[in-house]
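Undergrad:
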Amino acid sequence: MSAWRTARRVVAGLGALAFLATATACGEEPKKFLGLTRVNVAYKHDQPGTSYWDKGKHSGFDWYVGAYVTQQLKVAHSPKLVTSDVRETEITERLADLVIATYSITPEREEKVAFVGPYAVTEQGYMVMPGAIKSESDLKDKNICTMTSTTAAENLERQGLKKIKQVPNASTCVDLLLHGETDAFFMDEMILYGFQAANPDKGLHIFKGKAGQPQFYGIGMPKGHLRDCEDLKKIVKAYVQSSQWTMDFAAALREFANGHSAEVDGYRPNAELLDKLSCKG
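The numbering of the sequence shown is my numbering, which starts it at 4 and goes up by one.
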């Protein structure tokens, strides 16, 4: 990432803090969201391109979304790291105020969590090492790794694929694949393209299959805050229609965006989809 883009990220991530300091100095009432001037935002830590944390430095599309929306809300932003299996708990027990963690909107999750989004739409696919596996039909009786607490395993089972190993983190599946301990990693394409870019010398191959279903990444938040939810929806709706969304996607998934520029807009949700899936409870 270029120096100017890195600087822009720092400014975006700290903009809310600067606002609060100025408002307090001038005697103005600071802005609040969920009744708070500072919100805890939960992210993944091990997914290059979508949500990654290394030695105090963060990157990935989810992080950019979090910096943007908290800046627009004019509240301070405290990040924390989570795995897929605790995302609902983080919200229902108010350990986090927002979850932005490649968190797909589903009817089951909507029973416990309110969502704003999607801010990105992605299909699912397979990642494999170079070799004989070229398509989903080659995976019969092969070992497939995917993550717990995601929609992936049931999608695989519907295609008659039975040798499924579920692990807490995407990075674990990639490690198993690279060490020959699984034959394929099945997951959201945005996540797969991030790992492919992070391992450029491994010859990792990604392909689609019938098991894949569209995933709608949303921002999870507590139920019962309709006004705050609607305010956040307006921000996300403006974001996905802006050039900022395009720049953030390209910065986060640079190799994919450079090689598939005509496909980038396929990951951008439209306003109608946001209205349909946001703030339902």
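Cβ coordinates follow ideal geometry from the N, Cα and C atoms, glycine included. None of these values were measured; they are calculated from a predicted model.
In the DSSP output, what is MET130 paired with across the bridge?
TA: Taking the sequence shown and counting its residues from 1, the one referred to as residue 130 is at position 127. In DSSP, MET130 forms a bridge with PHE188, ILE209.
Undergrad: How would you call CYS282, buried or exposed, if buried means at least 16 neighbouring beta carbons within 10 angstroms?
TA: Position 279 of the sequence shown, counted from the first residue, corresponds to residue 282. CYS282 should be labelled buried.
Undergrad: Below 7 angstroms CB to CB, which residues in the same chain sit around TRP7 once its five sequence neighbours on both sides are set aside?
TA: As a first step, residue 7 is located in the sequence shown; it is residue number 4 there, counting from the start. Note that TRP7 has pLDDT 36, beneath the 50 cutoff, so the model's placement of it is unreliable and no number is given.
Undergrad: Would you kindly check if the distance between the Cβ of VAL85 and the Cβ of ALA45 is under 8 angstroms?
TA: Counting from one through the sequence shown, the residue named residue 45 turns up at place 42. Counting from one through the sequence shown, the residue named residue 85 turns up at place 82. Yes; because the gap between Cβ atoms is below 8 angstroms, this pair is in contact.
Undergrad: Does DSSP put SER62 in a helix, in a strand, or in coil?
TA: Translated into the one-based positions of the sequence shown, residue 62 becomes position 59. Of the three classes helix, strand and coil, the one that applies to SER62 here is strand, per DSSP.
Undergrad: Using DSSP with H/G/I as helix, E/B as strand and the rest coil, what is GLN3?
TA: Coverage of the chain is limited to positions 4 through 284, which leaves residue 3 absent and any answer about it impossible.
Undergrad: Would you grab the beta carbon distance between THR109 and THR154 for me? Rounded to a whole angstrom, and I think it's under 8 angstroms.
TA: By one-based count along the sequence shown, residue 109 stands at place 106. By one-based count along the sequence shown, residue 154 stands at place 151. The pair is a contact, with the Cβ atoms about 6 angstroms apart (cut-off 8 angstroms).
Undergrad: Just to confirm my understanding: we take PHE210, look at its own chain, exclude 5 residues before and 5 after, and list those with CB closer than 8 angstroms. What are they?
TA: As a working note, residue 210 is residue 207 in the sequence shown. So the qualifying residues of the chain are GLY128, TYR129, VAL131, LYS137, SER138, GLU139.
Undergrad: One question on the structure: do LEU101 and ILE222 come within less than 8 angstroms of each other, judged by their Cβ atoms?
TA: Locating residue 101 in the sequence shown gives position 98, where the first residue counts as 1. Locating residue 222 in the sequence shown gives position 219, where the first residue counts as 1. Yes; because the gap between Cβ atoms is below 8 angstroms, this pair is in contact.
Undergrad: With a 10 Å radius around its C-beta and 16 neighbouring C-beta atoms as the bar for buried, classify THR25 as buried or exposed.
TA: Numbered from 1 along the sequence shown, position 22 holds the residue referred to as residue 25. Low confidence applies to THR25: its pLDDT is 38, below 50, so where it sits in the model is not reliable, and the reading given next is rough at best. Its Cβ having fewer than 16 others within 10 Å, THR25 is exposed.
Undergrad: State the Cα-Cα distance for the pair LYS83 and ASN261, rounded to the nearest angstrom.
TA: Here residue 83 corresponds to residue number 80 of the sequence shown, with the count starting at 1. Here residue 261 corresponds to residue number 258 of the sequence shown, with the count starting at 1. Their backbone Cα atoms lie some 30 angstroms apart in a straight line.
Undergrad: Taking just the CA atoms, how far does CYS176 sit from LYS205?
TA: Translated into positions along the sequence shown, residue 205 becomes position 202. Translated into positions along the sequence shown, residue 176 becomes position 173. Roughly 15 angstroms between the two C-alpha positions.
Undergrad: Candidates LYS34, ALA99, ILE103, PHE64: which alpha carbon is nearest ASP251's?
TA: Position 248 of the sequence shown, counting from 1, holds the residue named residue 251. For the residues LYS34, ALA99, ILE103, PHE64, the minimum Cα distance to ASP251 belongs to PHE64.
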